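Remarks on the structure that follows.
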Amino acid sequence: MSTSARAMAATLSDGSGAERRESLSSQIDALSRELAHLRTLAHAFERWHQDMIALTEHSHNINVAGDDLTDLARNLIIVSLNAAIEAARAGSATHGFVVVAGETKNLSRRVQELTGEINKHLHKSLLLTTATFQDIQAGGKLMMAAVSGLEAMSKKLREGLD
Amino acid sequence: MADLISEHGRQNLARAFERAARETLIVDVNDQISIQDSEMLFHADPGQAILLITISSFTFRLLTIFQIAEAPALSAYYVRGAAGRSLQEAFAEVANMCCGAINRQLALTWPHLAMSIPQILDTRCLAFVNDLRPQYLSQYALSINEAVKLRATLCLCCSAPVEFAALASEAQESSGELELF
Amino acid sequence: MAQILVVDDSSTVRDEVAGFLKGSGLEVVTAVDGRDGLAKLKADPGIKLVIADVNMPNMDGLTMVEKIRSELGNQRVNLVMLTTESSPNMKERGKAAGVKGWIVKPFKGAAVLEGFKKLVA
Numbered sequence: 001m002s003t004s005a006r007a008m009a010a011t012l013s014d015g016s017g018a019e020r021r022e023s024l025s026s027q028i029d030a031l032s033r034e035l036a037h038l039r040t041l042a043h044a045f046e047r048w049h050q051d052m053i054a055l056t057e058h059s060h061n062i063n064v065a066g067d068d069l070t071d072l073a074r075n076l077i078i079v080s081l082n083a084a085i086e087a088a089r090a091g092s093a094t095h096g097f098v099v100v101a102g103e104t105k106n107l108s109r110r111v112q113e114l115t116g117e118i119n120k121h122l123h124k125s126l127l128l129t130t131a132t133f134q135d136i137q138a139g140g141k142l143m144m145a146a147v148s149g150l151e152a153m154s155k156k157l158r159e160g161l162d
Numbered sequence: 163m164a165d166l167i168s169e170h171g172r173q174n175l176a177r178a179f180e181r182a183a184r185e186t187l188i189v190d191v192n193d194q195i196s197i198q199d200s201e202m203l204f205h206a207d208p209g210q211a212i213l214l215i216t217i218s219s220f221t222f223r224l225l226t227i228f229q230i231a232e233a234p235a236l237s238a239y240y241v242r243g244a245a246g247r248s249l250q251e252a253f254a255e256v257a258n259m260c261c262g263a264i265n266r267q268l269a270l271t272w273p274h275l276a277m278s279i280p281q282i283l284d285t286r287c288l289a290f291v292n293d294l295r296p297q298y299l300s301q302y303a304l305s306i307n308e309a310v311k312l313r314a315t316l317c318l319c320c321s322a323p324v325e326f327a328a329l330a331s332e333a334q335e336s337s338g339e340l341e342l343f
Numbered sequence: 344m345a346q347i348l349v350v351d352d353s354s355t356v357r358d359e360v361a362g363f364l365k366g367s368g369l370e371v372v373t374a375v376d377g378r379d380g381l382a383k384l385k386a387d388p389g390i391k392l393v394i395a396d397v398n399m400p401n402m403d404g405l406t407m408v409e410k411i412r413s414e415l416g417n418q419r420v421n422l423v424m425l426t427t428e429s430s431p432n433m434k435e436r437g438k439a440a441g442v443k444g445w446i447v448k449p450f451k452g453a454a455v456l457e458g459f460k461k462l463v464a
């Protein structure tokens with residue numbers, strides 16, 4: 001048990017009324033201090049809240065980049081199809097291929113840029129999400145343990161009163 | 163924003179990590195470990211992974227991030243005897259013990275602490291550690307018997323002033339024994 | 344029928360602890376997290392002692408022991424935590440759930456064996 005609880009238990013056996021009152025009073029003070037400490041758990045909730053906001057914004061960025069990528073892929077297909085149709089109509093493949101090659105190079109470069117951007121976004125997202133998840137995992141245990149500590153102090157106080 | 167952690171606090175935190183590393187990262191008590199302060203390096207080496215553990219309190223969280231490479235020396239050192247076990251799995255428990263030791267030292271000042279389970283991530287994630295908005299960031303190059311290399315990053319995020327007091331003397335409380343309730 | 348259940352998400356720890364106990368003549372089964380541990384305990388009424396980690400995925404060790412207490416009752420099995428956590432408040436939570444003992448990793452085999460044997464008897 002914590003040091004303060006042990007100190008409480010030690011003072012419990014005192015016989016005289018005044019001493020008993022004093023020991024109970026100091027136990028109540030210790031409980032109040034623990035409760036004041038527990039109030040700071042608001043900080044943990046606030047940081048999880050901030051983390052979630054950042055993650056949501058970041059997910060939005062990934063979605064936007066993803067949409068751009070889809071648009072690009074669609075454009076690439078359309079350009080290729082058009083060039084193939086043109087070439088077939090004109091009876092010459094060469095001109096069509098030249099057009100496609102030029103457009104494809106531009107689009108491919110843009111696709112690479114975007115995939116690179118998305119990859120970075122994903123790695124950032126993975127780190128932030130994992131950090132928050134771990135914080136919540138540990139935070140939950142932290143709070144349950146704090147509650148157990150308070151329950152133990154309160155139990156000792158009750159035993160002192162009986 | 164005023165500094166939420168003093169220089170003294172930073173030094174004590176660094177010391178807590180070094181002490182924990184010395185105690186838990188070596189397999190044999192006769193092995194030599196060297197821990198050097200390092201500049202922040204975020205580049206991704208192919209074949210590396212990062213292992214992340216969080217110690218949380220109400221007003222702060224401390225991330226310990228190990229960079230481990232699939233190198234023969236590292237595997238041979240930590241994966242002993244067990245066939246089929248990966249380096250990542252073997253090292254995850256070592257990292258768990260290291261953070262447990264950091265935790266015990268921080269507990270001298272902070273009664274409210276808990277740890278997460280370890281998580282393996284792609285090394286490329288390390289480049290974004292500043293997006294966690296840390297108040298304190300430090301990196302170390304570790305070397306065991308001059309052959310086994312690791313890197314570790316400490317990342318402290320706090321929302322209120324945080325002090326890490328002077329640490330206990332070298333004598334550890336008896337861990338490893340059964341405490342009966 | 345096994346006597347001891349070792350619950351830890353680390354295969355290193357499961358192998359080390361189970362190996363040590365088997366070497367001392369005890370019968371051991373293992374589980375990988377709290378959920379698995381609870382299921383294996385329910386499946387084998389012969390288990391007398393559970394040695395469990397706290398920090399595990401899916402269900403942590405303290406949640407598992409609280410469920411053991413509420414779903415199976417304390418009398419059936421002795422519970423010991425083997426963990427890197429040493430917080431007095433966490434120990435209080437364990438105590439309230441009926442945990443009999445706490446070992447901070449790494450465990451010292453010789454020192455704990457006698458205690459384990461008594462808890463299995």
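Residue numbers (this note's numbering), protein chains in the order written: chain F, 1 to 162; chain P, 163 to 343; chain E, 344 to 464.
The C-beta atom is built at its ideal place from N, Cα and C for all residues, glycine as well.
Quick caveat, the model's predicted, so the values are computed rather than measured.
Just to confirm, are Thr427 of chain E and Met259 of chain P a CB contact at a threshold of 9 Å?
yes
| So, is Val360 of chain E buried or exposed, given that buried needs 16 or more other C-beta atoms within 10 angstroms? | Result: buried.
* Asked: Are Cys261 of chain P and Gln297 of chain P closer than 9 Å when you measure CB to CB?
  -> no
Proximity test, Cβ basis, 9 Å: Ser278 of chain P and chain E:
Cβ-Cβ to chain E under 9 Å: yes for Ser278 of chain P.
TODO: Evaluate contact between the region 297 to 307 of chain P and the region 163 to 178 of chain P, counting only Cβ atoms and requiring at least three cross-stretch pairs below 8 Å.
DONE: yes
Chain F contact for Ala439 of chain E (CB, 9 Å cutoff) | The Cβ of Ala439 of chain E sits closer than 9 Å to at least one Cβ of chain F.
Query - Three or more C-beta pairs below 8 Å linking the region 185 to 198 of chain P and the region 279 to 295 of chain P - result: no
For Arg378 of chain E, which residues in chain F fall below 7 Å Cβ to Cβ? Those within 7 Å of Arg378 of chain E in chain F number zero; the least Cβ separation is about 15 Å.
| task | Give a yes or no on whether the minimum CB-CB distance between Thr373 of chain E and chain P is below 9 Å. | result | Any Cβ of chain P closer than 9 Å to the Cβ of Thr373 of chain E would place that residue at the interface, and such an atom is absent.
query: Quick one: does Pro273 of chain P have its CB under 9 Å from some CB of chain F?
result: With 9 Å as the cut-off, Pro273 of chain P counts as an interface residue toward chain F.
Review point. What is the rounded straight-line gap between the Cα of Gly458 of chain E and the Cα of Leu364 of chain E?
Key: In this structure, the straight-line span from the alpha carbon of Gly458 of chain E to that of Leu364 of chain E is close to 12 Å.
Quick one: what's Gly444 of chain E bridged to in DSSP? Bridge pairing for Gly444 of chain E: P:Leu342, E:Val423 [DSSP].
By Cβ distance, which residues of its chain are closer than 8 Å to Ile241 of chain P, with the 5 residues on each side in sequence left out?
Going by the sequence as given, residue 241 of chain P is Val instead of Ile. Hits under 8 Å: Arg247, Ser248, Leu249, Ala252.
To the nearest angstrom, how far is it from the Cα of Gly140 of chain F to the Cα of Leu425 of chain E? 20 Å
Buried or exposed (CB count within 10 angstroms, at least 16 for buried), Gln346 of chain E:
buried
(Q) Measuring alpha carbon to alpha carbon, tell me which residue in F:Ser154, F:Asp68, F:His43 is nearest Gln107 of chain F. (A) As written in the sequence, residue 107 of chain F is Leu, which differs from the Gln given in the question. It is F:Asp68.
- Message: Out of F:Arg21, F:Ala152, F:Gln137, which one is the CA nearest neighbour of Gly437 of chain E?
- Response: Restricting attention to F:Arg21, F:Ala152, F:Gln137, the CA atom closest to the CA of Gly437 of chain E is found in F:Ala152.
For Ser354 of chain E, which residues in chain F fall below 7 Å Cβ to Cβ? The premise fails here: Ser354 of chain E is roughly 20 Å from chain F at the closest Cβ pair, so nothing lies under 7 Å.
| By how many angstroms is the C-alpha of Thr221 of chain P removed from the C-alpha of Met163 of chain P? | With a pLDDT of 47 at Met163 of chain P, under the threshold of 50, the predicted position of this residue should be treated as unreliable, though the coordinate-derived value follows. Their Cα atoms are separated by approximately 16 Å.
Problem - Rounded separation between Gly102 of chain F and Ala254 of chain P - CA only - result: Gly102 of chain F and Ala254 of chain P: Cα-Cα distance of roughly 50 Å.
Closer than 6 Å by C-beta to Leu76 of chain F: which residues in its own chain qualify, once you throw out the five before and the five after it? Chain order, please.
Leu107
Item to complete: Leaving out five residues on either side along the sequence, give the residues of the same chain with a beta carbon under 7 Å from the beta carbon of Ile279 of chain P.
Response: none
Distance cutoff 9 Å, beta carbons only. Does Gly66 of chain F sit that close to anything in chain E?
no
Note to self: In chain order, what are the residue ranges of uninterrupted alpha helix (DSSP H) at least 4 long that sit wholly in the region 236 to 318 of chain P?
What the structure shows: Runs found: 249 to 268.
Could you tell me whether the Cβ of Gly416 of chain E comes closer than 9 Å to any Cβ of chain P? no
*Assigned exposure category for Asp352 of chain E - 16 Cβ within 10 Å defines buried*: buried
>> Could you tell me the alpha carbon to alpha carbon distance between Glu185 of chain P and Leu304 of chain P, rounded to whole angstroms?
In response: 13 Å
Exercise. State the CB to CB distance for the pair Ala276 of chain P and Ala145 of chain F, rounded to an integer number of angstroms; the pair is presumed to be in contact (CB under 8 Å).
Key: 7 Å
Original post:
Which partner residues of Val393 of chain E appear in the DSSP bridge assignment?
Top reply: E:Leu348, E:Leu422
Any Cβ of chain E within less than 9 Å of the Cβ of Ala333 of chain P? Reliability of the predicted coordinates at Ala333 of chain P is poor, the pLDDT of 47 falling under 50, and the value obtained from them is presented with this limitation in mind. Not an interface residue.
| message | Taking 9 Å as the threshold (beta carbon to beta carbon), is Gly149 of chain F in contact with chain P? | response | Answer yes: the Cβ-Cβ gap between Gly149 of chain F and chain P drops below 9 Å somewhere.
Let me confirm a value: Ala333 of chain P is counted as buried when at least 16 other C-beta atoms fall within 10 Å, else exposed. Which label applies? Confidence in Ala333 of chain P is poor, its pLDDT being 47 and thus under 50, which makes the residue's placement unreliable; the coordinate value appears in the next sentence. So Ala333 of chain P ends up on the exposed side.
Check: Under 7 Å Cβ-Cβ, which residues of chain E neighbour Ala145 of chain F?
Finding: Per Cβ cutoff of 7 Å: Ser430, Asn432, Met433, Arg436.
Do Ala454 of chain E and Glu339 of chain P have their CB atoms nearer than 9 Å? yes
Next on the checklist: Looking at Ile212 of chain P: is its Cβ nearer than 9 Å to the Cβ of Ile264 of chain P?
Outcome noted: no
- Validate contact between the region 114 to 123 of chain F and the region 55 to 70 of chain F using beta carbons, cut 8 Å, 3 pairs: yes
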